[in-house]
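Asker:
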């Protein structure tokens, strides 16, 4: 029963840090293929989602009871919110990693060793990102600490790529490890890799801007029926009265279901994996 309770909370987006870390006192490195909502984030998303569903349901049915029942669907809002935050964080990390590669390539070209290049990159990144909780700062501090403990840089990069689950980082870790062991030209490898990743991210950002515009348009389109319904209810209540009795409720329910299906379809179309 406890496992089932934990599973549905995790599905909705509310994951206990203690349960994932293996209990109190366990320290866990960040994983970028999942996002954990805090209690406050979970509750705020659920409340906002519930209020939006309540307002939409009340517009359609003019019944507080029906609106309250349907507002329970707002519990799904944290899951949607978590997915959005996860995508934003992964995109931030990819962009930050590109900046880190530029710094590493510059240090290697100046004649520094590979390990010193990563340490110098951390100092450069601190100037670029003042917030100490910035993802790439956290990761490069972990790499620096591991090298201080005697662990190889290759092992740290492989672990970073495993936790990031981002293609660019995984490919760089594989190429770097192979090149380091075989004695290849690290300066040229990192320069070309950073250039390729930079070009790829530029294209992804252009696509993201276009998708964001279309996503905004789709949200406006979804809001139009509710705004139109509210406008008619305020300006012509007699005209709308027939919808709130008998067959009118069936028509409203069918319209609400169709709007829900349209929302799911548009969300699926806009979900472009890059």
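Numbering (this note's numbering), first residue to last: 709 to 982. Virtual Cβ for every residue (Gly too), placed ideally from N, Cα, C. Just so you know, these numbers come straight off a predicted model, no measurement behind them.
1. How long is the line joining the alpha carbons of residue 975 and residue 743, rounded to whole angstroms?
2. Secondary structure at residue 839, three-state DSSP: helix, strand or coil?
3. Below 8 Å, can you find three or more Cβ-Cβ pairs linking the stretch 825-836 to the stretch 845-859?
4. What distance in whole Å lies between the Cβ atoms of residue 816 and residue 895, which are believed to be in contact at a cut-off of 8 Å?
5. State yes or no: is the C-beta of residue 809 within less than 9 Å of the C-beta of residue 878?
6. Determine the extent of the alpha helix (DSSP H) in which residue 807 is found, giving its start and end residues.
7. Of all the options 778, 752, 945, 898, which has the alpha carbon lying nearest to the alpha carbon of residue 814?
8. Write down the C-beta distance between residue 868 and residue 853 rounded to the nearest angstrom, noting that I regard them as a contact closer than 8 Å.
9. If residue 754 and residue 783 are in contact, beta carbons under 8 Å, what's the gap, nearest whole angstrom?
10. Would you mind stating whether residue 905 and residue 806 have Cβ atoms separated by less than 9 Å?
11. Does the distance from the C-beta atom of residue 916 to that of residue 767 stay below 9 Å?
12. Can you grab the Cα-Cα spacing for the pair residue 948 / residue 770, in whole Å?
13. From residue 818 to residue 865, what distance separates their C-alpha atoms?
14. Quick one: what's got a C-beta closer than 6 Å to residue 825's C-beta in the same chain, skipping five residues either side?
15. Are residue 745 and residue 797 touching if we call contact CB-CB under 9 Å?
16. In the DSSP assignment, find the alpha helix (DSSP H) that holds residue 887 and state where it starts and stops.
17. DSSP state of residue 820, grouped into three classes?
18. Just to confirm my understanding: we take residue 965, look at its own chain, exclude 5 residues before and 5 after, and list those with CB closer than 6 Å. What are they?
19. Using only alpha-carbon positions, find the residue among 778, 756, 909 that is nearest to residue 785.
20. From this set, 860, 931, 839, which residue's C-alpha is nearest residue 822's C-alpha?
Answerer: The answer reads as follows:
1. The residue given as residue 975 occupies position 267 in the chain shown. The residue given as residue 743 occupies position 35 in the chain shown. When rounded, the distance between both Cα atoms is 19 Å.
2. The count along the chain shown starts at 1 and reaches residue 839 at position 131. In this structure, residue 839 counts as coil in the three-state DSSP scheme.
3. yes
4. Counting from one through the chain shown, the residue named residue 895 turns up at place 187. Counting from one through the chain shown, the residue named residue 816 turns up at place 108. Residue 895 to residue 816, Cβ: 4 Å. Contact.
5. For the purposes of this step, residue 809 is taken as the residue at position 101 of the chain shown. For the purposes of this step, residue 878 is taken as the residue at position 170 of the chain shown. Cβ atoms of residue 809 and residue 878: not closer than 9 Å.
6. In the chain shown, residue 807 corresponds to position 99, counting from 1. Where residue 807 is concerned, the enclosing alpha helix (DSSP H) stretches over 785-817.
7. Position 106 of the chain shown, counted from the start, is the residue given in the question as residue 814. Among 778, 752, 945, 898, the Cα nearest to that of residue 814 belongs to 898.
8. Locating residue 868 in the chain shown gives position 160, where the first residue counts as 1. Locating residue 853 in the chain shown gives position 145, where the first residue counts as 1. 12 Å between Cβ atoms; not a contact.
9. As a position in the chain shown, residue 754 is number 46, starting the count at 1. As a position in the chain shown, residue 783 is number 75, starting the count at 1. That belief holds up - the Cβ atoms of residue 754 and residue 783 are roughly 6 Å apart, short of 8 Å.
10. Working through the chain shown from its first residue, we reach residue 905 at position 197. Working through the chain shown from its first residue, we reach residue 806 at position 98. Going by C-beta atoms, residue 905 is nearer than 9 Å to residue 806.
11. The sequence position of residue 916 within the chain shown is 208, counting from 1. The sequence position of residue 767 within the chain shown is 59, counting from 1. Not in contact: residue 916 and residue 767 (Cβ atoms no closer than 9 Å).
12. By 1-based counting over the chain shown, the position of residue 948 is 240. By 1-based counting over the chain shown, the position of residue 770 is 62. So the alpha carbons of these two residues sit roughly 11 Å apart.
13. In the chain shown, the residue the question calls residue 818 occupies position 110. In the chain shown, the residue the question calls residue 865 occupies position 157. Near 22 Å, if we compare the C-alpha coordinates of residue 865 and residue 818.
14. Here the question's residue 825 lines up with position 117 in the chain shown. Once the five neighbours on either side are set aside, the close Cβ partners of residue 825 are 812, 815, 816.
15. Translated into positions along the chain shown, residue 745 becomes position 37. Translated into positions along the chain shown, residue 797 becomes position 89. Taking 9 Å as the Cβ cut-off, residue 745 and residue 797 do not qualify as a contacting pair.
16. The count along the chain shown starts at 1 and reaches residue 887 at position 179. It spans 875-890 - the alpha helix (DSSP H) in which residue 887 sits, taken as one unbroken run.
17. Stepping through the chain shown from its first residue, residue 820 is reached at position 112. In the structure shown, residue 820 sits in coil (DSSP, three-state: anything other than H, G, I, E or B).
18. Taking the chain shown and counting its residues from 1, one reaches residue 965 at position 257. Contacts found: none.
19. If you number the chain shown from 1, residue 785 lands on position 77. Among 778, 756, 909, the Cα nearest to that of residue 785 belongs to 756.
20. Taking the chain shown and counting its residues from 1, one reaches residue 822 at position 114. Of 860, 931, 839, the residue nearest in Cα terms is 860.
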